[in-house]
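This note's numbering puts the first residue of the sequence shown at 17, with every later residue one more than the last.
Note that beta-carbon positions come from the ideal geometry of N, C-alpha and C, so glycine has one too.
Inspection log for the structure reproduced underneath, given as structure tokens.
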Amino acid sequence: MVITLEISTKNYSDDAFNIKRALSHMESLTGAYNGYMFSEPTENFGWTFFKIAFKADLHEGIAKEFADMLERYRSKPEEKFAEFMRDYFASKNCEVKVRVVD
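And the structure:
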């Protein structure tokens, strides 16, 4: 299953770099390489928006590796994943908003 998250940031260059570095680390932990794709960014009202599509192998690897942490969130599975990734990115110095895109 592919899951797509929309990322909103006020500092695209720094946050995109930190997110890519964080996802590279996540790929190493899960053994799922080339597991995500970035969309082209768009700007609106001082915010930059872009999407990250997680391929099934990386998404499932994260869900398996961090199952105990994902259980703590109270929402649908896709929302749990988005909230976990928001917190994970925050721990890597990314001040972003994250939401699931259908």
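To the nearest angstrom, how far is the alpha carbon of residue i from that of residue j?
i	j	result
V7	V116	Examination of residue 7 is not possible in this model, given that the chain is present from 17 through 118 alone.
V44	E94	With the sequence shown as reference, residue 44 is identified as Ser, and Val is not the correct amino acid for it. Spanning the two alpha carbons is a distance of roughly 22 angstroms.
G47	P57	27 angstroms
E76	D118	18 angstroms
F54	E87	27 angstroms
K113	Y104	12 angstroms
M42	A83	14 angstroms
E81	S24	26 angstroms
Apart from the five residues just before and just after residue i, which ones in its own chain have a Cβ nearer than 7 angstroms to its Cβ?
i	result
Y52	L39, I68, A69, F70, K71 and L74
E22	F65, K67, R115 and V117
Going by beta carbon distance, what residues of the same chain come within less than 8 angstroms of residue i, once the five residues before and after it are set aside?
i	result
M85	F100
S91	E99
Would you kindly check if the distance between the Cβ of residue j and the Cβ of residue i is under 8 angstroms?
i	j	result
G62	K36	no
N34	C110	yes
F66	A79	no
Y89	T64	no
Any idea if residue i is buried or exposed, counting beta-carbon neighbours within 10 angstroms, 16 or more meaning buried?
i	result
Y31	In the sequence on display, residue 31 carries Asp and not Tyr. Per the 10 Å Cβ criterion, buried.
Leaving out five residues before and five after residue i in sequence, what residues of the same chain have Cβ atoms less than 6 angstroms from its Cβ?
i	result
R102	V114
T20	K67, A69 and V117
Compare the C-beta of residue i against all C-beta atoms of chain C and say whether one is closer than 8 angstroms.
i	result
F65	As a matter of chain content, chain C is missing from the structure shown, which is built from one protein chain.
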